[in-house]
Amino acid sequence: RIVYLDGQYLKEDEAKVSIFDRGFLFGDAVYEVTAVINGKLVDNEGHMIRLQRSCNELQIALPVPLAEITNIQKELIKKNALNEGGIYLQISRGSAGDRDFGYPADVKPTLVLFTQARELLNSPKATKGMKVITTEDIRWKRRDIKTVGLLAPCMAKQAAIEKQVDDAWLIEDGYITEGSSNNAYIVTQDGVLVTRPLSNDILHGITRKALLELAEKEAIKIEERLFTAEEAYQAAEAFVSSATTFVWPVVEIDGHTIGDGKPGNVAKKLREIYIELATKTAE
Ligand code: PMP
């Protein structure tokens with residue numbers, strides 16, 4: 005695989021970053037993942053806007069303009085002949101050659117990109133649905149900033165793996181915040197699509213935004229409000245969204261079967277029309 009590091013396209017084992025890089029020492033870095041379908045970027049503009057926002061919140065200067073980042077994404081897709089999967093990009097504050105907590109004055113951010121080949125359209129999780137457990141949300145209070153400080157979600161995901169399920173939904177003060185790496189939704193028995201409102205408590209998913217717009221066009225009733233695990237157990241449907249999963253139905257939560265244990269109609273419909281839109285608008 006060819007990867008990108010600070011102006012250079014390199015073989016993956018030739019790309020090296022300093023041990024003093026603040027991404028490595030402090031998790032002082034932000035990232036984005038954009039889906040690739042048919043060799044094209046899906047909803048990339050949304051990801052670029054969020055990247056800019058994450059950088060602004062942390063006072064990290066963009067090492068190159070957003071348009072140039074997109075050129076690099078496209079070049080990397082070409083160099084790796086990536087047809088379907090994702091492109092990961094990370095900007096860390098960089099290295100000041102030592103370890104100090106305060107932001108160094110003259111530091112050059114480190115920009116890294118790499119591709120990941122994955123089957124996105126034909127995923128078994130999409131057709132069978134996933135099982136999740138719930139676990140305490142122990143993350144920090146700025147989940148709206150997409151930082152690489154991901155140990156809490158790693159721990160949640162590992163707990164899920166050890167319980168032989170697919171993922172974890174996180175709970176704070178009795179309410180679901182989101183999944184370990186996705187936004188969480190339920191559909192009530194009355195057909196209302198429920199998902200947590202945007203705040204610093206969750207990541208403002210790019211896929212979430214697109215799905216809510218599509219749901220509105222489909223005249224699906226939407227409530228952006230808090231919901232508990234108990235409400236989710238009783239729901240007609242549940243599902244998650246993220247850039248590279250699109251929509252994955254959830255058919256079991258904490259051992260409770262959701263609906264009839266099969267992917268629900270709202271989840272299936274939203275996945276279908278999201279993929280249709282994504283395929284049409286990818287660039
Ligand atoms: N929430 C969290 C915690 C995530 O890590 C992700 C995926 N990065 C999402 C939600 C989904 O966001 P997006 O649709 O922009 O991929």
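For the sequence shown, our numbering gives the first residue as 5, with consecutive numbering after it. We put the CB at the ideal spot given by N, CA and C, even for glycine.
Exposure label - residue i; buried when at least 16 CB within 10 Å
| i | result |
| --- | --- |
| residue 150 | buried |
| residue 225 | exposed |
| residue 36 | buried |
| residue 12 | exposed |
| residue 200 | buried |
| residue 105 | exposed |
| residue 75 | exposed |
| residue 82 | exposed |
| residue 260 | exposed |
| residue 77 | buried |
| residue 278 | buried |
| residue 252 | buried |
| residue 32 | buried |
| residue 95 | buried |
| residue 267 | buried |
| residue 241 | buried |
| residue 283 | exposed |
| residue 131 | exposed |
| residue 187 | buried |
| residue 158 | exposed |
| residue 189 | buried |
| residue 212 | buried |
| residue 177 | exposed |
| residue 102 | exposed |
| residue 73 | buried |
| residue 206 | buried |
| residue 236 | buried |
| residue 185 | buried |
Per DSSP, cross-strand counterpart(s) of residue i
| i | result |
| --- | --- |
| residue 279 | Answer is none; residue 279 lacks a bridge partner. |
| residue 120 | 90 |
| residue 8 | 13 and 117 |
| residue 99 | 25 |
| residue 253 | 243 |
| residue 138 | 173 |
| residue 189 | 199 and 243 |
| residue 45 | 40 |
| residue 261 | 256 |
| residue 151 | 34 |
Endpoints, the alpha helix (DSSP H) within which residue i is located
| i | result |
| --- | --- |
| residue 58 | 48–62 |
| residue 183 | Element bounds for residue 183: not the alpha helix (DSSP H) but the beta strand (DSSP E), 179–183. |
| residue 219 | 210–221 |
| residue 235 | 233–237 |
| residue 72 | 70–83 |
| residue 157 | 155–166 |
| residue 128 | 128–132 |
Neighbourhood of residue i by C-beta distance below 6 Å, restricted to the same chain and skipping five residues each side
| i | result |
| --- | --- |
| residue 138 | 173, 175, 233 and 258 |
| residue 265 | 255 |
| residue 112 | 98 |
| residue 19 | 7 and 9 |
| residue 25 | 96, 99 and 114 |
| residue 290 | Any property of residue 290 remains undetermined from this structure, which presents the chain solely from 5 to 287. |
| residue 183 | 171, 173 and 244 |
| residue 193 | 240 |
| residue 16 | 5 and 7 |
Close Cβ partners of residue i (< 8 Å) along its chain, the five nearest in sequence each way excluded
| i | result |
| --- | --- |
| residue 163 | 137, 139 and 172 |
| residue 179 | 200, 230, 231 and 232 |
| residue 146 | 61 and 204 |
Element boundaries [beta strand (DSSP E), containing residue i]
| i | result |
| --- | --- |
| residue 39 | 33–41 |
| residue 227 | 226–228 |
Same chain only: Cβ atoms within 7 Å of residue i, ignoring 5 sequence neighbours per side
| i | result |
| --- | --- |
| residue 248 | 37, 39, 90, 122 and 124 |
| residue 142 | 156 |
| residue 84 | 5, 6 and 119 |
| residue 219 | 197, 226 and 274 |
| residue 286 | 41, 42, 44, 45 and 46 |
| residue 216 | 226 |
| residue 210 | 47, 50, 51, 54 and 247 |
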